[in-house]
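Here is the structure we will look at, set down as structure tokens.
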Amino acid sequence: MLTLKLDDIPDEGLELKWKEEPTALSGYLESLSEIDFQFENPLQSEAKIRRMGESVLIQGRVHTVLQLRCVRCLKEFSYPLASGFELTLHPLKGGAIEEETELSGKDLESNFFEGGEIHLSEIACEQVFLEIPMQPLCQEVCKGLCPDCGKDLNLSTCDCTKKELELEFSVLKKLKLH
Ligand SMILES: [Zn+2]
Ligand SMILES: [Zn+2]
């Protein structure tokens with residue numbers, strides 16, 4: 559996990575490029591219970607870091623390949639991800655947000671750092687989390703599993719929906735007759 563000390567950022571700023579193996583991140587990811595995915599490739603990040611008074615501006619990019627689970631067919635699939643981001647980090651002193659950095663509008667996107675340390679790996683991971691779809695799909699047109707027989711409808715069809723349609727159709731026919 560890459561951590562940068564505020565004092566190590568020169569006045570002209572800093573450009574960093576780093577790569578982390580999934581195993582190096584597993585300890586951090588395991589501490590987040592809501593995470594339901596795997597890194598398939600290393601997480602590659604780059605960032606331009608500049609001090610802006612007491613705050614720190616980070617412009618960066620992350621890219622990797624994740625393994626997600628499709629919400630329809632429950633199969634795991636590879637999900638390439640690349641995203642740019644820009645963040646302003648404000649110092650958090652004594653656990654309280656300073657008056658002058660009062661949250662308002664755009665500043666809601668802001669983050670904080672504590673103890674003069676910036677946890678770059680965590681920031682990169684958070685950018686990855688933000689890019690994960692709420693409802694991951696292996697393909698836009700994934701047909702999912704049949705709710706009745708559980709067959710993967712991408713691989714084969716089953717008779718359940720056909721039967722249902724026929725049933726509805728016969729009901730309609732009956733309704734029309736009466
Ligand atoms: Zn699917
Ligand atoms: Zn079925």
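So that you can map any letter, position 17 of the sequence shown is 575 in this note's numbering, and since no number is skipped, the others follow by simple counting. Backbone N, C-alpha and C fix where the C-beta goes; we use that ideal spot for every residue, glycine too.
Local conformation of residue i per DSSP, three classes
i           : result
residue 581 : helix
residue 710 : strand
residue 698 : coil
Any non-hydrogen atom of ligand 1 within 8 angstroms of residue i CB
i           : result
residue 633 : yes
residue 718 : no
residue 630 : yes
residue 712 : yes
Opening and closing residue of the beta strand (DSSP E) in which residue i lies
i           : result
residue 681 : No beta strand (DSSP E) holds residue 681; the alpha helix (DSSP H) holding it covers 678-689.
residue 557 : Any answer about residue 557 is impossible in this case: the structure gives the chain only from 559 up to 736.
Exposure of residue i, with buried meaning 16 or more beta-carbon neighbours within 10 Å
i           : result
residue 682 : buried
residue 597 : buried
residue 699 : exposed
residue 605 : buried
residue 620 : buried
residue 673 : exposed
residue 685 : buried
Residue i beta carbon near ligand 2 (any heavy atom closer than 8 angstroms)
i           : result
residue 701 : no
residue 696 : no
residue 642 : no
residue 594 : no
residue 706 : yes
residue 577 : no
residue 731 : no
residue 709 : yes
Q. Taking the runs of the alpha helix (DSSP H) that are 4 residues or longer, which of them lie wholly in the region 560-632?
A. Here the runs fully enclosed are 580-588.
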